[in-house]
Amino acid sequence: MIDPTRIFKAFQISKERTPYSSLHPMTKFLIFLSFLVIPLLRDDIISQLSIFLLQVPIMICSKTGKRIGDSLKGSSLFLIMIIVLNYIFIRDLLYSIAMGLRLTNLLVASAILMAATNPMEIGDILSMIRVPYYITFSFVIALRFVPVLARDVENIVAAQRSRGMKIATGGLLKRARSLIPLLIPMIIISIRRSQQLSEALEVRAFGSGKRSFYYSYRWSYSDIIFILYTIICWIVIVRGYPFP
Amino acid sequence: MIRIEDVTFTYAGRKKPAIRNVNLDINRGEFILVVGASGSGKSTLLRLLNGLIPHFYEGEFRGRVLVDGVDTRETSVSKLSRKIGLVFQNPDNQIVTLHVKRELAFGLENIGMRREEIEKRIRGIIKEIHMERIEDKYTDELSGGEKQLLAIAATLAMEPDIIVLDEPTSELDTANAMRIAGILRKVHEKGKGVIVSEHRLDLFIPLADRIVVIDDGVIVADGPAKKIVKEVDFAKHRINEPLAIRIYREVTRRGISIEEVPLGVKDIIEFLRKVRGN
Amino acid sequence: MIEIERVSFKYSGSNEYALKDLSLSISRPSITAIVGRNGAGKSTLLRLLNGLIPHFYEGEFRGRVLVDGVDTREVDISDLSRKVGLVFQNPEHMFFSETVWDEVIFGPKALGRNDFEELGEKALRLTGLTDMKDYPPWSLSGGEMKRLSIACILSMETDYIALDEPTVGQDAVSRRELIEILRNLRNMGKGIIVVSHDLEWISDLRPDRIIVIRDGYVFADGGCDLLADVTILARAGLIPPMSAIIGRAIGVRGFGIDDILKEVLG
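Residue numbers (our numbering), protein chains in the order written: chain A, 1 to 244; chain B, 1001 to 1278; chain C, 2001 to 2266.
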């Protein structure tokens, strides 16, 4: 059913130090944005293939190659579907394949950001681009409590199963009703946690005025290299250099 | 520094007041232990001190609470939190960030402190509490005891005059409870006020200057620790009797009179050796 | 009888074995206390007793657990719950009904017992909650909720009842009540297993047997005098109860403050 441990793992922060991981979050964000936009500017196979190849060095620098390979394998069915659908409506094989590749490029760009970036950095990126603090904070708090709530779910299911509870089989309504012994404790515990959390925020002066930011990042030579690389990618693809 | 004047508070939706006609004067630098059975009003009393009652909890509030002369109804919890810190029972539900250092910085960021100043405070608190071992950890890697330690450190980082703790060790094991008691002793020795409600009396009574006993919403005793331990019937108020009291009772029952009640383990051992010698 | 035979278990995703070649038998009636520091494997051991391991918690499982001769790998958790009841630390993980009564009859009903009303009444009586029958579970005090969580397992009429850290967050009165309830249950013929880090409370409980767990295996297995054995406790990473420390310092062999005072004062 729900596997709390897998949810756990999806949010675990990877602690490997790679050339990519020590970049300033803004650089990571610029790379991400760039590789979201660039594929949308071209619709031929050669461009999309080139874009993919241009992302490979980034994958290597962030050591995300294997993980991205796995998730692409997982979405291969979906990608093939996109190609087929495009072909049915547009009857141009090369174009359809290009669309599939374009989607792949977008997925790769997102995957690099997600897999090799610390969730705290994502929160910091949001702050840097001036997203209002209460939104960034909600994001961070959610990340903070996902493992906690996953553990709550695990404990509740264990407790109820120890009372002989079984998930009913059969009609949807019957099954839904049999989940009540799981849902109600979950809701109550979550509400209690959020109540206590709001008290804790109050006593730490949350929301009392203008906030400062403790965490600071440093720019380094790696940032210059990666940004230059990204600019070159823009030039190569957009100006079609060296392909006229 | 804090004066509670004849306060009665009833939570919204309830008929019976949680605390009735409470009067209390708290000076700077005191270590006060608040004891009482579950439901006796301890948590309510503590929440008067930093304004959570009446600002955060709805209900009928009578009387007033003055902090440094200012009525808590006329200021905010945020402002009061710079003078009076509050640490709660559940370690998880007061940690809001993903990393230890960010947690320490959180309260200071909220009051708009400059980055260099925050860095200084964080360095200071890590040293003071000997947290070097966990300073680079992510918050979800911490054990319950470590989280509670972090919560206390994050509160102390705001440098309040008084730190209030609501049953801080109730979900922890003995080793962690002792660690926290040790930190609170240190904090008190440095001149801060400590107000803590606890069930683990064996551990905390030796640290306290003063004990306040609350039963059914009313303060039934308030005085120096040694006096309270001698004079108050803890069992009658449904409170865990610390060993000190059990020993005192047994000893006086057999007609041996003692001047001072031995409170800590060392004192008890010394005392029993003397009694045996006789 | 519960027989744990050379069990090793590693949670999936973990690098370490939580239990290492652990063997233990528990018969009834008895009160067995299982003590050990955080992370020693006490909770994991509890989960073996009703099949949560290996059916709910995934990982590598070696060895076997027999409950009255039945291998826990071959039977479902819901069947094992007829023999072994597990009371979890946080009562709030269980409650979902409108009244105490509904809560207490949920277990026996789930097990298909037709006499669930009788079982419910009995369970409430044994835990002193008969007057609170129609109250919502969350209106109960901390101690009452703890007793209700026990009642919910009691009504399932299992031969064994295991409790995980029953005294956490409980006040003096509740702790004393718990001791009385557990003693009554043992006198009724049940096998009670308590996991606790609270050695002072265990001193007052006076279990028939104390098992010290360290690093996933049985480090010591004996009677209450283990609580006065400061050396063994220290080696298992446990802080002895205050009475034991005092006793050792003044050279008195008693265990529990009453014994010590008796020896010292006569």
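Positions of the beta carbon are idealized from the N, C-alpha and C atoms, including for glycine.
C-alpha distance - residue i paired with residue j, whole-angstrom precision
{"i": "G2059 (chain C)", "j": "L2048 (chain C)", "result": "12 Å"}
{"i": "P147 (chain A)", "j": "E1005 (chain B)", "result": "44 Å"}
{"i": "R17 (chain A)", "j": "R2183 (chain C)", "result": "56 Å"}
{"i": "D1025 (chain B)", "j": "I1205 (chain B)", "result": "20 Å"}
{"i": "H24 (chain A)", "j": "N118 (chain A)", "result": "12 Å"}
{"i": "L1156 (chain B)", "j": "S1076 (chain B)", "result": "19 Å"}
{"i": "A1225 (chain B)", "j": "R2062 (chain C)", "result": "54 Å"}
{"i": "S110 (chain A)", "j": "V131 (chain A)", "result": "20 Å"}
{"i": "Q2089 (chain C)", "j": "G1145 (chain B)", "result": "17 Å"}
{"i": "E1171 (chain B)", "j": "G2169 (chain C)", "result": "6 Å"}
{"i": "I2267 (chain C)", "j": "G2013 (chain C)", "result": "As displayed, chain C neither begins before 2001 nor continues past 2266, which places residue 2267 (chain C) out of reach and without an answer."}
{"i": "P2207 (chain C)", "j": "K2146 (chain C)", "result": "20 Å"}
{"i": "Y95 (chain A)", "j": "I45 (chain A)", "result": "7 Å"}
{"i": "I1126 (chain B)", "j": "V2218 (chain C)", "result": "37 Å"}
{"i": "P2166 (chain C)", "j": "G170 (chain A)", "result": "37 Å"}
{"i": "M165 (chain A)", "j": "A1037 (chain B)", "result": "35 Å"}
{"i": "R1020 (chain B)", "j": "V1213 (chain B)", "result": "14 Å"}
{"i": "L78 (chain A)", "j": "P2108 (chain C)", "result": "Checking the sequence shown, residue 78 (chain A) turns out to be Phe, not Leu. Distance between the alpha carbons of F78 (chain A) and P2108 (chain C): 48 Å."}
{"i": "F137 (chain A)", "j": "K1101 (chain B)", "result": "16 Å"}
{"i": "V1261 (chain B)", "j": "D1136 (chain B)", "result": "44 Å"}
{"i": "E2016 (chain C)", "j": "K2010 (chain C)", "result": "6 Å"}
{"i": "S2027 (chain C)", "j": "H1237 (chain B)", "result": "39 Å"}
Reduced DSSP category for residue i - H, G, I as helix; E, B as strand; rest coil
{"i": "G2112 (chain C)", "result": "coil"}
{"i": "T1252 (chain B)", "result": "helix"}
{"i": "D1166 (chain B)", "result": "strand"}
{"i": "E2003 (chain C)", "result": "strand"}
{"i": "V1275 (chain B)", "result": "helix"}
{"i": "T5 (chain A)", "result": "Because T5 (chain A) carries a pLDDT of 48, less than 50, the predicted location of this residue cannot be relied on, and the following value inherits that uncertainty. It is helical."}
{"i": "Y221 (chain A)", "result": "helix"}
{"i": "E1005 (chain B)", "result": "strand"}
{"i": "S190 (chain A)", "result": "helix"}
{"i": "P1224 (chain B)", "result": "strand"}
{"i": "A1244 (chain B)", "result": "helix"}
{"i": "D1136 (chain B)", "result": "coil"}
{"i": "T2127 (chain C)", "result": "coil"}
{"i": "G2059 (chain C)", "result": "strand"}
{"i": "V2087 (chain C)", "result": "strand"}
{"i": "D44 (chain A)", "result": "coil"}
{"i": "Y215 (chain A)", "result": "coil"}
{"i": "F1234 (chain B)", "result": "coil"}
Residue i burial status per 10 Å Cβ neighbour count (16 or more: buried)
{"i": "P181 (chain A)", "result": "buried"}
{"i": "M2001 (chain C)", "result": "exposed"}
{"i": "L2046 (chain C)", "result": "buried"}
{"i": "M81 (chain A)", "result": "exposed"}
{"i": "M2132 (chain C)", "result": "buried"}
{"i": "S2025 (chain C)", "result": "exposed"}
{"i": "M1 (chain A)", "result": "The predicted model places M1 (chain A) with a pLDDT of 34, which falls under 50 and marks its position as unreliable; any figure quoted below should be read in that light. The residue is exposed, with fewer than 16 neighbouring Cβ atoms inside 10 Å."}
{"i": "D2171 (chain C)", "result": "buried"}
{"i": "L173 (chain A)", "result": "exposed"}
{"i": "M2188 (chain C)", "result": "exposed"}
{"i": "I1198 (chain B)", "result": "Inspection of the sequence shows that residue 1198 (chain B) is occupied by Glu rather than by Ile. The residue in question, E1198 (chain B), is buried, as its Cβ has 16 or more Cβ neighbours within 10 Å."}
{"i": "R1200 (chain B)", "result": "buried"}
{"i": "D2068 (chain C)", "result": "exposed"}
{"i": "K2083 (chain C)", "result": "buried"}
{"i": "W2138 (chain C)", "result": "exposed"}
Residue from the options with nearest C-alpha to residue i
{"i": "N2114 (chain C)", "options": "C:M2156, C:L2140, C:I2150", "result": "C:M2156"}
{"i": "L1098 (chain B)", "options": "A:L106, A:Y215, A:S50", "result": "A:Y215"}
{"i": "N86 (chain A)", "options": "A:I225, A:K73, A:L101", "result": "A:L101"}
{"i": "V2230 (chain C)", "options": "C:V2252, C:D2164, C:F2056, C:V2264", "result": "C:V2252"}
{"i": "K990 (chain B)", "options": "B:K1192, B:R1249, B:K1266, B:E1241", "result": "Because residue 990 (chain B) is not part of the residues shown, which for chain B are 1001 to 1278, the question remains open."}
{"i": "Y20 (chain A)", "options": "A:Q55, A:L36, A:S198", "result": "A:Q55"}
{"i": "Y1011 (chain B)", "options": "B:G1107, B:R1047, B:A1244", "result": "B:R1047"}
{"i": "I184 (chain A)", "options": "C:V2065, C:I2179, C:L2052, C:E2098", "result": "C:E2098"}
{"i": "A1181 (chain B)", "options": "B:D1173, B:D1166, B:L1203, B:D1161", "result": "B:L1203"}
Whole beta strand (DSSP E) runs in the region 1011 to 1058 of chain B with 3 or more residues, listed along the chain? 1019 to 1026, 1031 to 1035
Quick one: which unbroken beta strand (DSSP E) runs of 3-plus residues sit fully inside the region 1057 to 1103 of chain B? Chain order, please. 1059 to 1067, 1084 to 1087
Ranges of the beta strand (DSSP E) found wholly within the region 2199 to 2257 of chain C, counting only runs of at least 3: 2209 to 2214, 2217 to 2222
Threshold first: 4 residues or longer. Then list the alpha helix (DSSP H) segments lying entirely within the region 2142 to 2166 of chain C, N to C. 2142 to 2154
Quick one: complete beta strand (DSSP E) runs, 3+ long, within the region 2169 to 2200 of chain C? 2191 to 2195
Curious, which full-length alpha helix (DSSP H) runs of at least 4 residues does the region 132 to 203 of chain A contain? 133 to 161, 172 to 178, 180 to 203
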